[in-house]
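Chemist: Mind having a look at this structure? Questions to follow.
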Amino acid sequence: MYRNTPPTIHLKDYRPPEFLIDQVDLRFELDPDTTQVEATLAIRRNPAATRGDGNLRLDGEQLELEYLAIDDRPLARSEYRVEPEALILRRVPDRFRLVTRVRIHPARNTALEGLYQSGSMLCTQCEAEGFRRITYFLDRPDVMARFSTTLIADRDRFPILLANGNPGPSQDLGDGRHLARWDDPFPKPCYLFALVAGDLHQVEDRFTTASGREVSLRLFVEPEHHDQCEHAMRSLKKAMRWDEERYGREYDLDVYLIVAVSHFNMGAMENKGLNIFNAKYVLARPDTATDQDYLGIQGVIAHEYFHNWTGNRITCRDWFQLSLKEGFTVFRDQEFSADMGSRDVTRIADVRNLRNRQFPEDSGPLAHPVRPDAYIEINNFYTATVYEKGAELVRMLATLLGPDAFRRGTDLYFARHDGQAVTIEDFIACLAEASGRDLGPFLRWYAQPGTPELEVRDQWEDETGTYRLTIRQRIPATSDRPSSGPLPIPVAVGLLDAKGRDLPLHLADEPAPTPAGTRVLELHTDETSFRFVGLAARPIPSLLRGFSAPVKVRYDYSDQDLVFLMTHDSDGFNRWDAAQSLAQRLLLQGVSEPNTPLPSGFIDAFRRTLTDEDADPGLRAEILTLPSEAYLGDQMETVDVEGIHRARETLIGQIATTLRAELLATYRANQDPGPYRLTPLAIGRRALKNLALAYLMHTSDDETLALCQAQFAAHQNMTDVMAALRWLVEAGGETADQALDAFYRRWSDDALVVDKWFGIQALSQRDDTLLRVESLLDHEAFTMTNPNRLRSLVGTFCLMNQLRFHAASGAGYVFLVDRVLELDPKNPQIAARLVQALAQWRRFDETRRGLMRGQLERLFHTPDLSKDVYEVVAKTLGSSEPDA
Ligand code: B3K
Ligand code: ZN
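Given below as structure tokens:
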């Protein structure tokens with residue numbers, strides 16, 4: 001149990017800083033065991049702040065203070081106080097120069113926050129509050145300073161020395177060490193500080209900005225990865241061009257540096273001029289990375305690059321505003337990816353991710369608004385809600401304003417707030433001002449947790465040819481928060497005739513006729529009706545096209561309607577969504593009444609989609625993919641773990657048996673013996689072929705097993721190898737073991753590929769998976785100290801394998817909590833993420849509920865939990881007071 005409950009930080013308590021820091025000069029004498037950090041800070045009182053007690057309180061954690069002086073005068077012991085998390089200076093002047101010198105220990109830093117060692121290199125991670133583990137500072141985003149960084153290190157061990165900004169002079173110190181200086185001309189908050197020291201391979205390219213500035217682009221990787229950089233570099237150049245064209249944003253320094261490191265808590269970090277990346281989001285070669293890896297790299301490289309304007313040039317006033325930079329930047333990277341690939345497939349992937357991760361979060365014990373109003377540990381708030389729902393809010397704003405007004409609004413935002421730390425209100429105000437719209441009510445979206453529901457009714461009047469759509473919005477009640485009032489919601493709709501053609505959407509009170517296609521209806525009140533006129537027959541509505549708002553739609557479609565939309569809708573997203581709704585309906589029926597026959601037309605629609613050679617193969621693959629077991633569970637009052645699995649397996653079996661010939665034909669038709677290409681078409685064909693293989697392998701007779709083994713052995717590319725290995729593992733027995741052994745032997749030197757090897761075993765639905773996962777903890781390649789490795793085995797099993805993690809025995813829960821307890825003292829951030837596997841505990845049957853609660857309480861009663869884990873556990877247990 002946590003002895004002293006850690007304090008909660010509230011948005012309403014925000015105060016401007018009492019002091020400002022204009023200039024920071026850092027000098028590092030780098031060494032993995034002990035690094036010395038000297039900081040010279042130009043500090044002055046903030047004229048905009050209310051006067052406090054005259055003391056200056058600097059944040060600092062795990063620092064060994066060696067020297068402290070104000071304006072060159074060393075301070076006496078009576079003039080300052082060192083606390084575990086702060087340095088307090090008594091009665092400082094209004095303007096002064098502070099010098100501190102501290103010692104820190106990078107090699108002992110297992111939390112991977114602050115300065116730490118990864119392999120043989122040293123690197124940093126400061127967001128959100130890691131800078132205070134490097135030096136004493138005002139570690140808050142509204143303190144923006146100019147930084148210079150001097151790095152001194154052993155020349156042989158650390159030939160490459162990098163920091164933010166532009167390179168300055170470097171020097172050999174003659175004693176085996178060398179020095180490099182970096183200057184960043186742009187004021188920034190300290191969470192964007194970064195340094196890297198190592199023996200790294202460099203890949204260089206260049207980019208000329210729209211206004212003709214030359215930028216040197218440099219990618220740094222561990223030497224053995226020198227041939228896995230091309231895709232990341234290409235993605236960076238595409239992102240730079242796209243931001244110029246779409247948002248008028250140019251890059252601003254002479255160099256742009258990206259370093260790939262193998263120990264990293266999350267995906268990547270947008271440090272000014274020096275992005276530090278999880279190697280997973282940099283390294284790719286067709287034989288080592290799947291299509292999904294390639295797309296992930298392109299998206300994350302773009303995301304971090306886009307932060308240069310949305311996050312760095314303009315940053316957040318406080319951490320409650322996190323979605324100001326994250327929501328907007330995710331929206332920007334999603335649109336970039338849609339432009340680079342297939343728009344429909346990109347949107348489907350984004351929405352699936354939102355529904356699978358954010359919707360459950362928003363209805364569970366960890367629900368919070370896109371702008372949270374309280375936290376214990378800010379690292380727990382880098383969530384699907386802040387990121388992905390936040391992106392949906394910006395998308396709705398873009399939809400409501402239309403492209404021109406939205407661009408005027410973002411131009412105004414960049415012009416007005418460049419160099420500032422601002423709030424979500426500041427952003428919305430720019431969009432409102434540029435568009436002339438009142439966006440006041442829109443702010444409710446940022447404050448209101450929970451997924452709104454739209455209840456749609458319709459009415460057809462044959463005599464007048466009038467079709468009326470009535471949409472009612474309902475915000476699910478959350479325990480402690482009254483609804484903040486109706487939300488502005490853009491609902492994109494189409495109306496289809498019996499042949500599947502889009503009809504004109506002519507509203508009753510409009511003079512001129514309107515074109516056929518999609519139209520955005522706006523909801524501003526609890527219930528709104530729209531009367532469409534001039535129609536010859538009752539249309540079929542296609543609702544929420546492109547998923548124009550992060551809501552759930554309830555409309556009473558018949559099975560036939562859904563089959564129709566799945567095969568006819570001109571909106572690709574809604575074809576997929578109709579297929580999902582229908583499959584969900586059949587699967588949930590299958591859970592409660594296992595022997596219900598399939599509705600006529602379902603298999604036919606499947607067949608038609610499978611063989612519809614005119615449609616995008618990537619979209620077809622999405623339409624034919626059934627909802628996941630976890631998603632289906634989330635649609636049930638009480639999750640029926642085994643029932644869902646059985647129903648889904650049964651349906652897959654029915655499809656596989658009935659459509660065997662078509663599946664085989666599709667598999668063969670989409671084989672591509674040529675070189676690996678990353679076009680949307682090539683990706684789509686691989687997806688479709690591997691989907692056909694997945695269905696076929698369900699029966700796993702000799703013929704399909706042979707196909708699968710041949711695909712595995714052909715080593716065409718990692719996408720195909722992984723798809724085959726997945727089903728070989730599922731088939732089990734010697735075939736599985738041989739394939740796994742062969743794979744491991746081939747790739748044991750490539751950490752990211754070994755992660756896949758662990759992951760695929762953790763994902764297996766075979767009944768001995770937990771035993772296997774437990775024995776893999778002792779594998780020579782397993783370690784708890786590498787977050788990627790840990791996620792690939794423990795994370796995959798606990799967060800992605802519903803069937804086996806939620807085994808009725810509760811063994812999965814014990815396994816998880818054992819790992820969390822082992823990990824928490826070393827890396828609390830990752831430990832807190834893992835605990836979230838238990839967040840939905842109340843949604844399961846009584847037995848599982850009890851077992852999960854028991855494990856949560858076991859955690860809660862552990863002494864000295866990190867505040868990361870404490871916060872998640874306390875909220876997850878919630879009102880069901882654990883007995884102390
Ligand atoms: N801003 C970082 C995330 C930092 C997470 C700190 N726990 C990556 C990103 O969103 O681009
Ligand atoms: Zn981000």
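Quick note: the sequence shown, position 568, residue 568 per the UniProt record's numbering, numbers continuous. Backbone N, C-alpha and C define an ideal beta-carbon position, used for all residues, glycine too.
Under a three-way DSSP split, which group does Ile376 fall into?
Modeler: The residue labelled residue 376 in the question sits at position 376 within the sequence shown. Reduced to three states, the DSSP call for Ile376 is coil.
Chemist: Under 7 Å: does the beta carbon of Glu304 sit that close to some heavy atom of the ligand B3K?
Modeler: On the sequence shown, position 304 is the one that residue 304 refers to. Result yes, Cβ under 7 Å from the ligand B3K.
Chemist: State yes or no: is the C-beta of Thr329 nearer than 7 Å to some heavy atom of the ligand ZN?
Modeler: Taking the first residue of the sequence shown as 1, we reach residue 329 at position 329. Thr329: yes, Cβ under 7 Å from the ligand ZN.
Chemist: Can you give me the start and stop residues for the alpha helix (DSSP H) that Tyr446 sits inside?
Modeler: Taking the first residue of the sequence shown as 1, we reach residue 446 at position 446. Counting along the chain, the alpha helix (DSSP H) containing Tyr446 begins and ends at 444–447.
Chemist: Arg819: buried (16+ other C-beta within 10 angstroms of its C-beta) or exposed?
Modeler: Taking the sequence shown and counting its residues from 1, the one referred to as residue 819 is at position 819. Buried: at least 16 other Cβ atoms inside 10 Å.
Chemist: Is Glu270 near the ligand ZN, judged by its Cβ being under 7 Å from some heavy atom?
Modeler: Here residue 270 refers to the residue found at position 270 of the sequence shown. Because some heavy atom of the ligand ZN lies under 7 Å away, the Cβ of Glu270 counts as near it: yes.
Chemist: Looking at Glu326 and the ligand ZN, is the gap between the Cβ and the nearest heavy atom below 7 Å?
Modeler: Here the question's residue 326 lines up with position 326 in the sequence shown. Under cutoff, so the answer is yes.
Chemist: Hey, quick one: how far does the beta strand (DSSP E) through Ala492 stretch, first residue to last?
Modeler: Sequence index remark: in the sequence shown, residue 492 carries index 492 (1-based). Where Ala492 is concerned, the enclosing beta strand (DSSP E) stretches over 489–496.
Chemist: Under the three-state reduction of DSSP, which class applies to Ala434: helix, strand or coil?
Modeler: As a working note, residue 434 is residue 434 in the sequence shown. Correct three-state label for Ala434: helix.
Chemist: Going by the CB atoms, is the gap between Ala284 and Ile258 shorter than 8 Å?
Modeler: Taking the first residue of the sequence shown as position 1, residue 258 is located at position 258. Taking the first residue of the sequence shown as position 1, residue 284 is located at position 284. No.
Chemist: When burial is assigned at 16 or more other CB atoms within 10 Å of the CB, is Lys867 buried or exposed?
Modeler: On the sequence shown, residue 867 is found 867 positions in, with the first residue counted as 1. Its Cβ being crowded by 16 or more others within 10 Å, Lys867 is buried.
Chemist: With H, G and I counted as helix, E and B as strand and the rest as coil, what does DSSP make of Tyr67?
Modeler: Taking the sequence shown and counting its residues from 1, one reaches residue 67 at position 67. Tyr67: strand per DSSP, three-state reduction.
Chemist: Note down, in chain order, each residue of its chain lying with its Cβ closer than 6 Å to the Cβ of Val394, except the 5 sequence neighbours on either side.
Modeler: Looking up residue 394 in the sequence shown gives position 394. Once the five neighbours on either side are set aside, the close Cβ partners of Val394 are Gly327, Phe328, Phe331.
Chemist: Could you tell me which residues DSSP puts in a beta bridge with Met121?
Modeler: Position 121 of the sequence shown, counting from 1, holds the residue named residue 121. DSSP, once it has assigned bridges, lists Ser118 as partnering Met121.
Chemist: Counting C-beta neighbours from all protein chains within 10 Å, is the total for Gly52 16 or more, i.e. buried, or is it exposed?
Modeler: Working through the sequence shown from its first residue, we reach residue 52 at position 52. Label assigned to Gly52: exposed.
Chemist: Taking 7 Å as the cut-off, does the CB of Met800 come closer than this to any heavy atom belonging to the ligand B3K?
Modeler: Position 800 of the sequence shown, counting from 1, holds the residue named residue 800. Not under cutoff, so the answer is no.
Chemist: Out of Trp309, Asp404, Cys123, state which residue places its alpha-carbon closest to the alpha-carbon of Phe414.
Modeler: Taking the sequence shown and counting its residues from 1, the one referred to as residue 414 is at position 414. The option with the nearest alpha carbon to Phe414 is Trp309.
Chemist: For the pair the region 205–222 and the region 292–310, tell me if three or more CB-CB distances fall below 8 Å.
Modeler: No, the region 205–222 does not touch the region 292–310.
Chemist: Can we count Met144 as close to the ligand B3K, meaning its CB is less than 7 Å from some heavy atom?
Modeler: Taking the sequence shown and counting its residues from 1, one reaches residue 144 at position 144. False, no ligand heavy atom lies under 7 Å from that Cβ.
Chemist: Using a Cβ-based criterion (distance less than 7 Å to any ligand heavy atom), does Tyr256 qualify as near the ligand B3K?
Modeler: Translated into the one-based positions of the sequence shown, residue 256 becomes position 256. No.
Chemist: Could you check what DSSP says for Ser880 in three-state terms: helix, strand or coil?
Modeler: For the purposes of this step, residue 880 is taken as the residue at position 880 of the sequence shown. Note on Ser880: pLDDT 42, under 50, position unreliable in the model; the coordinate value appears next. Note: Ser880 maps to coil in three-state DSSP.
Chemist: Between Ala76 and Glu392, what straight-line distance do the alpha-carbon atoms span, to the nearest angstrom?
Modeler: Within the sequence shown, the letter at position 76 stands for residue 76. Within the sequence shown, the letter at position 392 stands for residue 392. So the alpha carbons of these two residues sit roughly 54 Å apart.
Chemist: Determine which residues share a DSSP beta bridge with Arg269 and list them.
Modeler: Taking the first residue of the sequence shown as 1, we reach residue 269 at position 269. The sequence given here has Met at residue 269, not Arg. BP columns for Met269 point to Ile276.
Chemist: Just to confirm, is the Cβ distance from Leu521 to Phe530 under 8 Å?
Modeler: Counting from one through the sequence shown, the residue named residue 521 turns up at place 521. Counting from one through the sequence shown, the residue named residue 530 turns up at place 530. Yes, the pair counts as a contact, with Cβ atoms nearer than the cut-off.
Chemist: Terminal residues of the continuous beta strand (DSSP E) containing Glu160?
Modeler: Numbered from 1 along the sequence shown, position 160 holds the residue referred to as residue 160. What sits at residue 160 in the sequence shown is Ile, not Glu. Per DSSP, Ile160 belongs to the beta strand (DSSP E) from 160–163.
Chemist: Taking the alpha-carbon positions, what's the Ala516 to Leu496 distance?
Modeler: One-based indexing of the sequence shown puts residue 516 at position 516. One-based indexing of the sequence shown puts residue 496 at position 496. The alpha-carbon atoms of Ala516 and Leu496 are separated by roughly 10 Å.
Chemist: Is Ala86 helix, strand or coil by DSSP?
Modeler: Position 86 of the sequence shown holds residue 86. Strand, per DSSP.
Chemist: With a CB to CB cut of under 7 Å and the five nearest residues on each side skipped, what residues in its chain are close to residue 903?
Modeler: Missing from the structure shown is residue 903; the chain here goes from 1 to 884 and no further.
Chemist: Please classify Leu877 as buried or exposed, where buried requires at least 16 neighbouring CB atoms within 10 angstroms.
Modeler: Residue numbering aside, residue 877 sits at position 877 when the sequence shown is read from its first letter. By the neighbour-count rule (16 or more Cβ atoms within 10 Å), Leu877 is buried.
Chemist: Who are the near neighbours of Phe782 in its chain, counting only those whose CB is closer than 8 Å to its CB and skipping five residues on each side?
Modeler: For this step, residue 782 is matched to residue 782 along the sequence shown. Phe758, Leu776, Arg789, Leu793, listed in sequence order.
Chemist: Rounded to a whole number of angstroms, what is the C-alpha to C-alpha distance between Cys708 and Ala107?
Modeler: Here residue 708 refers to the residue found at position 708 of the sequence shown. Here residue 107 refers to the residue found at position 107 of the sequence shown. Their Cα atoms are separated by approximately 45 Å.
Chemist: Could you tell me the distance, in whole angstroms, from the CA atom of Gly419 to the CA atom of Tyr446?
Modeler: Translated into positions along the sequence shown, residue 419 becomes position 419. Translated into positions along the sequence shown, residue 446 becomes position 446. Going by the C-alpha atoms only, they are around 24 Å apart.
Chemist: Could you check whether Ile301 and Ser342 sit closer than 8 Å to each other, using their CB atoms as the reference points?
Modeler: Position 342 of the sequence shown holds residue 342. Position 301 of the sequence shown holds residue 301. Cβ distance not < 8 Å, so Ser342 and Ile301 don't count as in contact.
Chemist: Is the region 582–590 touching the region 610–623, taking contact as three or more C-beta pairs under 8 Å?
Modeler: Result no; under three Cβ-Cβ pairs closer than 8 Å.
Chemist: Three-state secondary structure (DSSP) at Gln23?
Modeler: Taking the sequence shown and counting its residues from 1, the one referred to as residue 23 is at position 23. Gln23: strand per DSSP, three-state reduction.
Chemist: Apart from the five residues just before and just after Leu851, which ones in its own chain have a Cβ nearer than 7 Å to its Cβ?
Modeler: Looking up residue 851 in the sequence shown gives position 851. Within the same chain, Leu851 has close Cβ partners Gly810, Tyr813.
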